[in-house]
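J.: Sharing a structure here in structure tokens format.
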Amino acid sequence: MGRLLTTIEHAVKKPVWGCSMCGQCVLHSTGLTCPMNCPKKLRNGPCGGVREDGGCEVDPDMTCVWLKAQGRSERMPRTWREEFDDLRPPVDSRLQGTSSWVNLLTGRDKHVPAGWQPDEEE
Amino acid sequence: MPTLAELLTDPEPPRPVITAECPVIDSGGLDAIAEHATRLAPYADALNATDNAAAHAHASNVAVAIALKRLGVEPIMQVACRDKNRLALEADIVGAALHGVSTICCMTGDDVTAGDEPEARRVFDMDSPQLIRATAGLARGRYLSGRALDPAPPLLIGAVENPAAPPFAYRVRRGLKKAAAGARFLQLQLCYHPDRLAEFTELAENAGLTRRVALLPTIALVKGARALRYMNDNVPGIHIPEPVIERVHNATDQREAAYQLALEQARHALSLPGVRGLHFTDFRHDDALGKICADLGLPAIRSAPDGDALVM
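Sequence lines, in order, name chains A and B. Using the working numbering, read the first sequence as starting at 1 and increasing by one per residue. Using the working numbering, read the second sequence as starting at 1001 and increasing by one per residue.
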């Protein structure tokens, strides 16, 4: 079942979002723009290398993934739009290649390291 | 001498805080670092130990930070996400803290393609907000895994932001994210668009960012138009308008024109809301830092470091 969902998920998300099956999908909070297409795989916004014309520091022919994500997030429903500013935890590399749909259902994609505290304590 | 943490949290700061980049070190023993410290430390509250700046390999951030500390200068250890995974980053920070290096500046890092070994594998196991949060965890006595560090290293955490890179309006929100993650100061990338810097600080003030972090805009001390052109063409995220380069290029004394440009930028930056000081990158390796501090009316911070003032 897991394998079937993985295949379906990849078939759907690869052509549309360039999905690389990180297994911990955050598309809804990033303006339906996959941050794993950022060459630096940044999950929390654009680096400081964005070019004057909005081009990616690494690949000038490509518009910065986060520039697109930020623009698109403004057109998202309010809860998704607000989640854009959430601090997303480091990627769990064990989930690479697994289905984020399955991980969402099982709650596996919510696992963070024990020392990771996403909320400000002050 | 007050620490950077004390200076940045002083409710009534007596003067702007000055930090500067320690030039990259490749060899020559500790004397090579002492030479730069002797030139820069009289005017700077702290010196940045860079982490493979511009994606070129150099003596490591940890080694240089420890050396600066031994020279009696407060180091700001830059930590970039490009070259190491989370285990190595945590180890570097904790290891440097053992030697008394307690100020950390977290950044994404230029891509490997900006450097001279572009074939290298880029790591980016964490991004800069995640690194800030992980470092804040260390300061609270926890590794990312949750394992305890006892006693917790006292860390002052900073980060960087680029007020002149798109998406402009979003940059302050990114600053807020870094503040929420644990950053207490932001060294701002070189900015040759005064309007963008002004807009960033104004937005930062309105959004409450300046109450949470101290802003330190960066000013470059360069020799002339060639350096400006080089930065414009090669340094990711830096855009210098042609008229600015031309102004220096057409001057009879390029060195002086470049200095005047920096002085103008420094005065402008210090006039902006939330700006607690300046960060300098000195590409001239001359007396320009002392001169600009004098022209800004800032006192020398330390006595002439002829070996006595610097604790060896």
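C-beta atoms are modelled at their ideal positions from N, C-alpha and C, and glycine is treated no differently. Here the structure is a predicted model, which means the values were calculated and not measured.
1. I want to verify the contact list: residues of chain A whose CB lies under 7 angstroms from the CB of residue 1144 of chain B, in sequence order.
2. From the DSSP output, which residues share a beta bridge with residue 1106 of chain B?
3. Report the start-end ranges of each beta strand (DSSP E) in the region 1169 to 1227 of chain B that is 3 residues or longer and not cut off at the edges.
4. Rounding to the nearest angstrom, what Cα-Cα distance links residue 1071 of chain B and residue 100 of chain A in this structure?
5. Going straight from the alpha carbon of residue 1055 of chain B to that of residue 1114 of chain B, what length do you get?
6. Indicate whether the contact test is met: 3 or more Cβ pairs, each with one atom in the region 1094 to 1109 of chain B and one in the region 1076 to 1084 of chain B, closer than 8 angstroms.
7. Roughly how many whole angstroms lie between the Cα atoms of residue 1196 of chain B and residue 2 of chain A?
8. Examine chain A for any beta-carbon lying closer than 8 angstroms to the beta-carbon of residue 1078 of chain B, and answer yes or no.
9. Just to confirm, are residue 1018 of chain B and residue 1043 of chain B a CB contact at a threshold of 8 angstroms?
10. For chain A, is any of its Cβ atoms less than 8 angstroms away from the one on residue 1048 of chain B?
11. Based on the DSSP output, what are the partners of residue 63 of chain A in its beta bridges?
12. I'd like to know whether the C-beta of residue 44 of chain A is nearer than 8 angstroms to at least one C-beta of chain B.
13. Helix, strand or coil for residue 1278 of chain B, going by three-state DSSP, please let me know.
14. Can you tell me where the beta strand (DSSP E) holding residue 1019 of chain B begins and where it ends?
15. Indicate the three-state DSSP secondary structure (helix, strand or coil) for residue 1047 of chain B in the structure shown.
16. What number of angstroms, rounded off, separates the C-alpha of residue 1034 of chain B from the C-alpha of residue 1135 of chain B?
17. What does residue 1160 of chain B touch in chain A if you count any residue whose Cβ is under 8 angstroms from its own?
18. For residue 1291 of chain B and chain A, any beta-carbon pair shorter than 8 angstroms?
19. Can you name, in chain order, every residue of its own chain whose Cβ lies under 6 angstroms from the Cβ of residue 1126 of chain B, other than the five neighbours on each side?
20. Please decide whether residue 109 of chain A counts as near chain B, where near means a Cβ-Cβ distance under 8 angstroms.
21. Using a Cβ distance threshold of 8 angstroms, determine whether the region 82 to 91 of chain A contacts the region 26 to 34 of chain A, with at least three qualifying pairs required.
22. Just checking my contact of residue 1160 of chain B with residue 1187 of chain B at CB under 8 angstroms: how many whole Å lie between their CB atoms?
23. Does chain A have any CB closer than 8 angstroms to the CB of residue 1239 of chain B?
24. Which first and last residues belong to the alpha helix (DSSP H) in which residue 1265 of chain B is found?
25. Quick one: residues in its chain with C-beta nearer than 6 angstroms to the C-beta of residue 1203 of chain B, no 5 flanking neighbours on either side, listed in chain order?
26. Could you pull the DSSP bridge partners for residue 1088 of chain B from this structure?
27. Is residue 1196 of chain B close to chain A, meaning its C-beta is less than 8 angstroms from at least one C-beta of that chain?
28. Return the chain-ordered list of same chain residues with a C-beta closer than 7 angstroms to the C-beta of residue 1395 of chain B, the five sequence neighbours on each side being excluded.
29. Along chain A, which residues have their Cβ under 8 angstroms away from the Cβ of residue 1170 of chain B?
30. Please confirm whether residue 12 of chain A has its beta-carbon closer than 8 angstroms to some beta-carbon of chain B.
31. Check whether the Cβ of residue 1086 of chain B lies closer than 8 angstroms to any Cβ atom in chain A.
32. Inspect the CB distances between the region 1218 to 1234 of chain B and the region 1145 to 1152 of chain B and report whether three or more fall short of 8 angstroms.
33. Cβ closer than 7 angstroms: which chain B residues qualify as neighbours of residue 104 of chain A?
34. Return helix, strand or coil for residue 1142 of chain B, following the three-state DSSP convention.
35. Measure the CB-CB distance between residue 1068 of chain B and residue 1040 of chain B and report whether it falls below 8 angstroms.
36. Any idea what DSSP makes of residue 1148 of chain B, helix, strand or coil?
T.: Once the coordinates are examined:
1. 113, 115 and 116
2. B:1079 and B:1159
3. 1185 to 1188 and 1214 to 1221
4. 51 angstroms
5. 6 angstroms
6. yes
7. 49 angstroms
8. no
9. yes
10. no
11. A:55
12. yes
13. strand
14. 1017 to 1021
15. strand
16. 28 angstroms
17. 48
18. no
19. 1081 and 1086
20. no
21. yes
22. 5 angstroms
23. yes
24. 1254 to 1270
25. 1172
26. For residue 1088 of chain B, which the question treats as bridged, DSSP gives no partner whatsoever.
27. no
28. Within the shown structure, residues of chain B are numbered from 1001 to 1312, placing residue 1395 of chain B beyond reach of any answer.
29. 45, 46 and 70
30. no
31. yes
32. no
33. Here the premise fails: no neighbours, minimum Cβ distance about 21 angstroms.
34. strand
35. no
36. strand
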